[in-house]
Structures are given as C-alpha cells and as structure tokens.
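A.B. asks: Residue numbers (my numbering), protein chains in the order written: chain G, 3 to 174; chain C, 127 to 655. By construction, the Cβ of each residue, glycine as well, lies at the ideal position given by its N, Cα and C atoms. Please read through the structure below; I'll follow up with questions.
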C-alpha cells in the first residue's frame with residue numbers, strides 16, 4: 003500500500019481503534035510495573051492498591067491515554083510530516099521499513115506527551131507522576147502495539163478490504 | 127498486420143483463421159453486416175449465424191480476462207453467466223511466451239511486486255510469504271520488510287505465478303467458461319447489448335461464425351504485436367537478414383548458441399528491463415561457458431545520475447540507465463500518482479504520462495555487478511547516439527552507423543544486433559480494435575489507444591443497458607497508468623466488478639464477503655459452478 007495523506011490517517015485510526023485497542027485491553031493487566039510503595043516490580047493485576055483505586059483500571063486509563071495520543075497526535079503531526087517527506091521520493095511510496103521505524107519517533111512523542119498534565123490521567127497526583135509512565139512497561143506496550151498494527155496493516159487488513167490497497171489506504 | 131509488426135505467435139490461432147471451405151460455408155458475415163454499425167437480431171439470423179445468449183463475454187482470454195473472471199466469480203457470479211472467447215489454451219500463454227523469449231524462463235524472477243498476485247484478489251499472503259512457507263526460509267520475508275532500502279525489491283519467480291494461477295483457474299472453474307476461437311468484431315445490437323462474432327477453429331462448429339449476444343462485453347486482448355525499430359526493420363527488409371538482427375520478443379536462441387560456438391560482438395539496443403535481462407543472459411553464458419562475447423550497448427539517451435525537473439520529481443539513474451523498481455513509480459497503483467492520473471484530463475494527463483514514463487529498469491545487485499565487471503574488463507562498452515543507418519559489414523557483421531550529438535558518425539560493427547526497445551504496434555493493427563473505432567463509436571485517448579472511463583467503460587460504445595469494458599496494454603493513456611501489469615489488471619477488475627455490481631450483475635464485495643471468500647481461497651475450496 004502506498005499511502006495518501008487521508009489514507010494514512012484513516013488507516014491509523016482504524017488499526018489503532020480496532021487491533022490496537024484490543025491488544026491494549028488484553029495486555030494492560032500483564033504489564034510489569036513498579037508502583038508507588040515498597041512492593042517493587044510486579045504485574046499490574048497483582049498490585050493490591052493504587053491510590054485507593056483499582057490498579058488495573060488506573061493502568062487502563064494510562065494505556066488508553068497513550069493509544070489516544072498516538073492516534074490523535076499522529077494524525078495532526080506525524081502523518082502530515084511523513085506525507086511531506088514522502089514527496090521527496092520519486093516513487094511517492096512509503097516502504098514498510100519506514101512505517102516500522104517511524105514507531106521510534108512516535109513512541110518518544112507519545113511518551114513525552116503523556117507527561118503533559120492535561121493529557122495524563124494522573125495529572126493531578128503531584129510530583130511523583132513520572133513514575134506512572136513506567137518506562138519498561140511503556141516500551142513493551144508501545145512496541146508490541148506498534149508491531150502488531152504494522153503487521154496487520156501490511157498483510158491481513160487486505161482480507162477485509164479488497165479495495166484498500168488501491169485507494170492509498172483510504173477506507174472511505 | 128503491418129510489415130514491421132512482429133506477431134506474438136503464442137497461439138496457433140493468432141493469425142486470422144484460414145477459410146477452409148471458401149465462401150460457401152454457411153453462417154458467415156455478409157456485406158450488410160460488415161457495413162452496418164448497429165445490428166438487428168434479424169440481420170444476424172438472415173446471415174445464418176447462430177446466436178448464443180449469455181449475459182457477458184470477455185474477449186481475449188489472457189490474464190486480463192482471468193482477473194475479471196476471478197473477481198466476478200468471487201463476487202458470486204455463476205459460470206453460466208459469462209463466456210471467455212479466446213484463442214489461448216491458458217490465460218498466461220502469451221505472457222509466458224513473451225517472458226520466455228525475452229529471457230525470463232519459469233525459474234527466473236519477473237518484475238512484479240510481491241503483493242501483485244494474479245491468483246489472489248486480496249494481495250495477501252504475498253508471494254514472498256508463500257515462497258518462504260514452501261521453501262522453509264525467512265529470506266523473502268526479510269526482503270519485503272526491508273525493501274527497497276536494504277534490499278532490492280522482492281519479485282516472484284515466473285513459474286510460481288503461473289502455477290498459482292493454474293490452481294486458482296481450477297478453483298473457480300475458469301476453463302468451463304472458455305470458448306475457443308478468434309473474435310472478429312463486436313457490434314452494438316439494436317435494442318441494447320452487443321453481438322460478438324467468434325470464428326471457431328476449423329471443424330469445431332457447423333457455421334463459420336458464431337454470434338454471442340450479450341449485455342456486457344469485456345475486451346482485454348493485449349498487444350497486437352511488437353514493433354521493430356524502424357532502422358532495423360529497414361535493414362531486415364533491404365537485406366533479408368532475419369538471423370543477425372533480431373528482436374528480443376521473438377525467439378532468438380540461435381544468437382546465444384552461435385556465441386557459444388565462436389566469439390562474437392553483440393549490439394544491444396534499448397535501456398529497459400528487456401535489455402537488462404538479455405545482458406544478464408549474455409554475461410551468464412560468458413561466465414558459465416568461458417565465452418569471449420563482447421557487448422556493445424547503444425543508448426539513445428544516456429543517463430548519468432538522478433534526473434528530473436525538480437527535487438520532487440527526480441528519478442534515480444546512472445551508467446546510462448534510469449532506475450525504477452517497477453514499470454511505473456510505485457504510487458501509480460494506489461497512491462499519490464494514482465489519484466493524480468485519475469483527476470487529470472487531456473493534455474495535462476498526457477504530460478504526467480510523459481513525466482513519469484520513459485524507459486527504465488530495476489536496480490538489481492547482480493546486474494550492477496555484472497556490468498561493472500564488464501566495464502572494468504573492457505568487454506562491455508556503451509555508445510550514445512541515434513542510429514543513422516544499419517548496413518552489412520565485413521566478416522559477417524552488421525554495421526550500425528551511430529550519429530553522435532555533434533553530428534559525427536561512428537561505425538560500430540557487430541555479429542548480432544538485439545533490439546530490446548519493445549516498441550508496441552499501433553492499436554489498429556488488431557482488427558478487433560480497428561472495428562471498434564470504425565463501427566462502434568470507440569475513440570482514441572491521449573496516447574492514441576482505446577479511450578475509457580475511470581470505470582474502464584469504453585467511451586462512445588454504450589448500448590444501453592449494456593456496456594463495453596476494456597483493460598490491458600491497449601488502454602494505456604487513460605485514468606490509470608499501471609494498467610499493463612498484474613496489479614493494474616486486478617485494479618481494472620475491481621472497478622469493473624463494482625460497476626457491474628451497481629448494475630445488479632453481481633453482489634458488491636464488502637468486508638464480510640471479502641473475508642469469507644478469502645477463507646475459501648486459503649483452503650482452496652472450489653467455488654460452486
């Protein structure tokens with residue numbers, strides 16, 4: 003698939019909204035984190051308490067915030083930028099490798115944006131909030147989500163949408 | 127057929143049918159039919175031509191017909207709704223003939239994307255994955271994940287493409303829908319739809335012609351033939367020499383055999399994929415048999431590096447060649463350029479064709495290595511210029527008089543000249559197209575070929591409620607540039623299928639039907655007839 007701008011945006015929203023959301027839903031309770039307190043590293047679903055609320059639900063807030071930021075910021079910033087860079091290519095294509103590697107800057111931008119108070123579900127918890135974007139868990143979550151959605155968009159997506167590859171990634 | 131056109135003799139029937147019994151055989155075209163643009167049922171009946179009713183016919187029977195039938199069958203069409211009228215035994219016959227003579231036998235790789243699979247309308251799992259699966263290797267997968275940055279483009283083996291197509295043909299009962307013969311003409315029918323006149327093989331039918339009366343007609347007959355460079359044709363005609371001056375698209379194995387017997391000079395004309403393949407064959411032979419073949423390569427335009435009017439339109443190139451993965455920039459099949467072509471009309475579209483067109487060849491590491499070695503060791507030499515004339519020389523050679531930019535003439539003798547330019551013959555060389563222009567309202571497009579709509583309907587030929595669709599190389603110049611490729615034929619098939627769905631001929635393929643049909647394909651489950 004050689005994307006057009008609208009195709010990039012639609013495909014991003016579709017794969018993150020379906021496969022990305024399902025994967026996030028499945029994997030979040032199994033993230034390996036170091037919550038506040040003396041417990042040390044453990045799985046999210048094994049944590050007893052997180053600021054008086056269910057740790058699983060609290061973590062879901064964070065992981066879905068990451069997903070939403072990747073979707074929205076990608077549409078607003080990364081997709082137009084990649085689209086612009088693509089214009090320098092004679093073939094006006096975007097190799098699968100570029101798509102895969104763009105996960106690195108996008109992963110960093112989402113990580114940084116999670117530290118903006120209004121975007122972080124724990125924005126009101128004070129100076130300790132950075133520990134609520136636990137780096138190893140974030141890298142694992144973002145990396146796996148990125149690879150799964152990348153694999154899907156480079157292959158099985160076409161099973162469902164027979165015209166998608168001819169329309170620059172546009173679904174509608 | 128014009129004298130300078132090389133017939134693609136992939137089929138014994140490809141010439142106009144000989145008339146076995148003379149004019150007395152019943153059921154032939156008469157003067158009234160030939161002269162009349164729109165026929166009534168009575169006119170055909172009066173001529174004694176039997177009429178077969180069928181909702182749709184596909185004329186050609188090559189990969190274009192196969193693609194449309196595959197899509198329509200998957201969209202739910204039963205086999206009794208369509209007939210493929212063809213002189214070919216199998217859809218890949220002409221294609222295999224052309225690739226084989228131009229040095230891509232079954233074991234060699236085509237110039238085609240991994241996801242352009244004639245046997246699979248979805249493009250998944252790609253040829254690379256299927257090759258990885260059958261050959262138990264991860265290399266093709268690594269290739270498609272890193273191409274074209276770390277690796278050259280993955281391309282499938284010709285044999286893999288033909289074998290999978292054969293399997294799919296059986297799955298969809300393709301051969302049940304084929305009728306053998308040569309299509310002479312398609313004419314509009316008074317009251318709607320069309321008559322397609324088929325000349326069956328000698329002795330196969332009681333009458334000389336059979337008329338297929340259908341609402342829809344699909345035409346995908348491919349190249350009328352390949353054309354020779356005019357200077358080479360002039361030489362061949364003047365000196366009656368068909369041995370030393372050959373076209374890469376005609377059988378020319380004798381050149382390679384002769385070079386094995388004694389060392390010789392070979393001149394290559396052209397800078398495209400066929401030139402690359404022929405060079406590879408010459409150099410492979412040189413390496414394998416220790417030959418002393420000297421290669422002289424004549425470029426009309428010598429490309430020294432990246433070229434183009436601005437930084438957004440700069441194609442890679444070097445050593446004479448323009449480099450490009452496939453025969454059009456990749457986004458022509460479904461990205462930025464596809465949309466651009468779709469929007470443009472007339473001269474603006476023609477201009478884009480000119481900007482993106484031009485002869486080019488893919489970058490392949492082994493080709494680069496071979497040619498670099500040839501340059502270094504002095505047995506591969508390039509020349510730049512236009513050809514003034516070609517004349518016989520001493521010692522059984524053919525002398526090409528090359529005119530350089532400054533007007534000076536250089537005489538280059540060679541034992542063989544291989545024309546790899548692949549010029550295509552004019553569309554009127556095919557009687558069927560000539561008849562469409564003369565009698566059915568078809569027009570030429572900006573590149574002089576058959577003008578179609580974005581839906582691949584042939585402009586000017588409508589006969590409501592019916593319509594004629596066309597796809598393939600003879601429709602180049604319309605709203606989709608990559609039409610003469612596997613993926614292009616699939617795109618055309620999708621658009622035609624969708625247009626037919628909007629007319630109620632088949633169901634529209636949505637996500638559910640698409641995925642359930644893919645699952646059937648994956649299990650190789652035959653479709654109901």
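1) Could you check which residue in C:305, C:340, C:289 and C:610 has the C-alpha nearest to that of residue 313 (chain C)?
2) Please check if any C-beta of chain G sits within less than 8 Å of the C-beta of residue 435 (chain C).
3) Just to confirm the assignment: which complete alpha helix (DSSP H) runs, minimum length 4, are found wholly within the region 342-423 of chain C?
4) Is the CB of residue 97 (chain G) under 8 Å away from at least one CB in chain C?
5) Excluding sequence positions up to five away, which residues of its chain have a Cβ less than 8 Å from the Cβ of residue 205 (chain C)?
6) Do you know how far the Cα of residue 502 (chain C) is from the Cα of residue 259 (chain C)?
7) Is there contact here, the region 251-270 of chain C with the region 219-235 of chain C, by at least three beta-carbon pairs under 8 Å?
8) Would you mind sorting residue 571 (chain C) into buried or exposed? The rule is 16 or more other CB atoms within 10 Å of its CB.
9) Check the Cβ of residue 272 (chain C) against every Cβ in chain G and list those closer than 7 Å, keeping chain order.
10) For a contact defined as C-beta to C-beta under 9 Å, what are the partners of residue 49 (chain G) on chain C?
11) Mind checking residue 453 (chain C): buried by the 16 CB within 10 Å criterion, or exposed?
12) Taking C-beta pairs closer than 7 Å, name the residues in chain C that residue 14 (chain G) reaches, listed in chain order.
13) Does any residue of chain G bring its CB to less than 8 Å from the CB of residue 619 (chain C)?
14) Fully enclosed by the region 184-229 of chain C, which beta strand (DSSP E) runs are 3 residues long or longer?
15) Hey, how far is the Cα of residue 363 (chain C) from the Cα of residue 477 (chain C)?
16) Would you say the region 174-194 of chain C touches the region 596-603 of chain C, given that touching needs at least three Cβ pairs under 8 Å?
17) Given a cut-off of 8 Å, decide if residue 560 (chain C) and residue 101 (chain C) are closer than it, judged by their beta-carbon atoms.
18) Could you tell me if residue 132 (chain G) is buried or exposed, where buried requires 16 or more neighbouring beta carbons within 10 angstroms of its beta carbon?
19) Would DSSP call residue 132 (chain G) helix, strand or coil?
20) Quick one: is residue 288 (chain C) near chain G, going by C-beta distance under 8 Å?
21) Drop a sphere of 10 angstroms on the beta-carbon of residue 94 (chain G), count the other beta-carbons inside from all chains shown, and report buried for 16 or more, exposed for fewer.
22) Express the C-alpha separation of residue 227 (chain C) and residue 343 (chain C) in angstroms, rounding to a whole number.
23) Are the CB atoms of residue 487 (chain C) and residue 428 (chain C) nearer to each other than 8 Å?
24) Whether or not the region 628-635 of chain C and the region 378-387 of chain C are in contact is what I'm after, with contact meaning three or more pairs of Cβ atoms, one per stretch, closer than 8 Å; do they touch?
25) My understanding is that residue 545 (chain C) touches residue 373 (chain C), with C-beta atoms under 8 Å, so please give their C-beta distance in whole angstroms.
26) At a CB-CB cut-off below 7 Å, which residues of chain C make contact with residue 161 (chain G)?
27) Which residues bound the alpha helix (DSSP H) around residue 536 (chain C)?
28) In the DSSP assignment, find the beta strand (DSSP E) that holds residue 314 (chain C) and state where it starts and stops.
29) Among C:566, C:505, C:530 and C:472, which residue has its Cα nearest to the Cα of residue 574 (chain C)?
30) Using alpha carbons as the reference points, say which of C:590, C:568, C:401 and C:497 lies closest to residue 413 (chain C).
31) Runs of 3 residues minimum, wholly inside the region 543-605 of chain C: which ones carry the beta strand (DSSP E) assignment?
32) Which whole-angstrom value is the C-beta distance of residue 441 (chain C) and residue 434 (chain C), which I expect to be below 8 Å?
33) Applying the 10 Å Cβ sphere with the 16-neighbour rule, what's the burial state of residue 141 (chain C)?
34) By how many angstroms is the C-alpha of residue 297 (chain C) removed from the C-alpha of residue 650 (chain C)?
35) Between residue 438 (chain C) and chain G, is the shortest Cβ-Cβ distance under 8 Å, so that the two count as touching?
36) So, do the region 166-180 of chain C and the region 578-586 of chain C have three or more beta carbon pairs nearer to each other than 8 Å?
C.D. replies: Let me lay it out:
1) Translated into positions along the second chain, residue 313 (chain C) becomes position 187. The candidate whose alpha carbon is nearest that of residue 313 (chain C) is C:340.
2) Here residue 435 (chain C) refers to the residue found at position 309 of the second chain. Judged by the 8 Å Cβ criterion, residue 435 (chain C) is not in contact with chain G.
3) 356-365, 379-387 and 399-415
4) Counting from one through the first chain, the residue named residue 97 (chain G) turns up at place 95. True, the Cβ-Cβ gap to chain C drops below 8 Å.
5) Position 79 of the second chain, counted from the first residue, corresponds to residue 205 (chain C). Cβ neighbours of residue 205 (chain C) beyond the five flanking positions: 199, 299, 302, 303 and 655.
6) For this step, residue 259 (chain C) is matched to residue 133 along the second chain. For this step, residue 502 (chain C) is matched to residue 376 along the second chain. About 40 Å.
7) no
8) For the purposes of this step, residue 571 (chain C) is identified with residue 445 of the second chain, where counting begins at 1. Classification for residue 571 (chain C): buried.
9) The count along the second chain starts at 1 and reaches residue 272 (chain C) at position 146. Those within 7 Å of residue 272 (chain C) in chain G are 99.
10) The sequence position of residue 49 (chain G) within the first chain is 47, counting from 1. Correct list: empty, because the minimum Cβ distance to chain C is about 37 Å.
11) On the second chain, position 327 is the one that residue 453 (chain C) refers to. Answer is buried; the Cβ neighbour count reaches 16.
12) Start at 1 with the first residue of the first chain, and residue 14 (chain G) comes out as number 12. None at all; the shortest Cβ gap to chain C is about 16 Å.
13) As a working note, residue 619 (chain C) is residue 493 in the second chain. No - not a single Cβ of chain G is within 8 Å of the one on residue 619 (chain C).
14) 208-212
15) What you label residue 363 (chain C) is simply residue 237 of the second chain in a count that begins at 1. What you label residue 477 (chain C) is simply residue 351 of the second chain in a count that begins at 1. Between residue 363 (chain C) and residue 477 (chain C), the C-alpha separation is close to 35 Å.
16) yes
17) Outside the displayed span of chain C (127 to 655) sits residue 101 (chain C), for which this structure offers no information.
18) Your numbering for residue 132 (chain G) matches position 130 in the first chain. Legend: pLDDT at residue 132 (chain G) = 47, less than 50; position of this residue unreliable, no value from coordinates given.
19) Translated into the one-based positions of the first chain, residue 132 (chain G) becomes position 130. Only weak support exists for where residue 132 (chain G) lies, its pLDDT of 47 falling under 50; the coordinates are left without a value.
20) Counting from one through the second chain, the residue named residue 288 (chain C) turns up at place 162. Closer than 8 Å: no.
21) As a first step, residue 94 (chain G) must be located in the first chain, where it is residue number 92. That one is buried.
22) Counted from its first residue, the second chain places residue 343 (chain C) at position 217. Counted from its first residue, the second chain places residue 227 (chain C) at position 101. Answer to the nearest angstrom: the Cα atoms are 32 Å apart.
23) For the purposes of this step, residue 487 (chain C) is identified with residue 361 of the second chain, where counting begins at 1. For the purposes of this step, residue 428 (chain C) is identified with residue 302 of the second chain, where counting begins at 1. Not a contact, by the Cβ cut-off of 8 Å.
24) no
25) Counted from its first residue, the second chain places residue 545 (chain C) at position 419. Counted from its first residue, the second chain places residue 373 (chain C) at position 247. Sure, about 5 Å apart at Cβ, within 8 Å.
26) Here residue 161 (chain G) corresponds to residue number 159 of the first chain, with the count starting at 1. Going along chain C in sequence order, the residues near residue 161 (chain G) (Cβ under 7 Å) are 248, 250, 640, 641 and 644.
27) Reading the second chain from its first residue, position 410 is the one you call residue 536 (chain C). Careful: residue 536 (chain C) lies outside any alpha helix (DSSP H), inside the beta strand (DSSP E) at 535-540.
28) Walking along the second chain from the start, residue 314 (chain C) turns up at place 188. Residue 314 (chain C) -> beta strand (DSSP E) spans 308-315.
29) Within the second chain, residue 574 (chain C) is the residue found at index 448, counting from 1. For the residues C:566, C:505, C:530 and C:472, the minimum Cα distance to residue 574 (chain C) belongs to C:472.
30) Mapped onto the second chain, residue 413 (chain C) falls at position 287. Taking only the C-alpha atoms, the option nearest residue 413 (chain C) is C:497.
31) 593-596
32) Translated into the one-based positions of the second chain, residue 441 (chain C) becomes position 315. Translated into the one-based positions of the second chain, residue 434 (chain C) becomes position 308. Indeed, because the Cβ distance is near 6 Å, the residues count as touching under 8 Å.
33) As a first step, residue 141 (chain C) must be located in the second chain, where it is residue number 15. The predicted model places residue 141 (chain C) with a pLDDT of 47, which falls under 50 and marks its position as unreliable; any figure quoted below should be read in that light. With fewer than 16 Cβ atoms within 10 Å of its Cβ, residue 141 (chain C) is classed as exposed.
34) Stepping through the second chain from its first residue, residue 650 (chain C) is reached at position 524. Stepping through the second chain from its first residue, residue 297 (chain C) is reached at position 171. If you take the alpha carbons of residue 650 (chain C) and residue 297 (chain C), they lie about 7 Å apart.
35) Looking up residue 438 (chain C) in the second chain gives position 312. Taking Cβ atoms only, chain G reaches closer than 8 Å to residue 438 (chain C), which makes this a yes.
36) no
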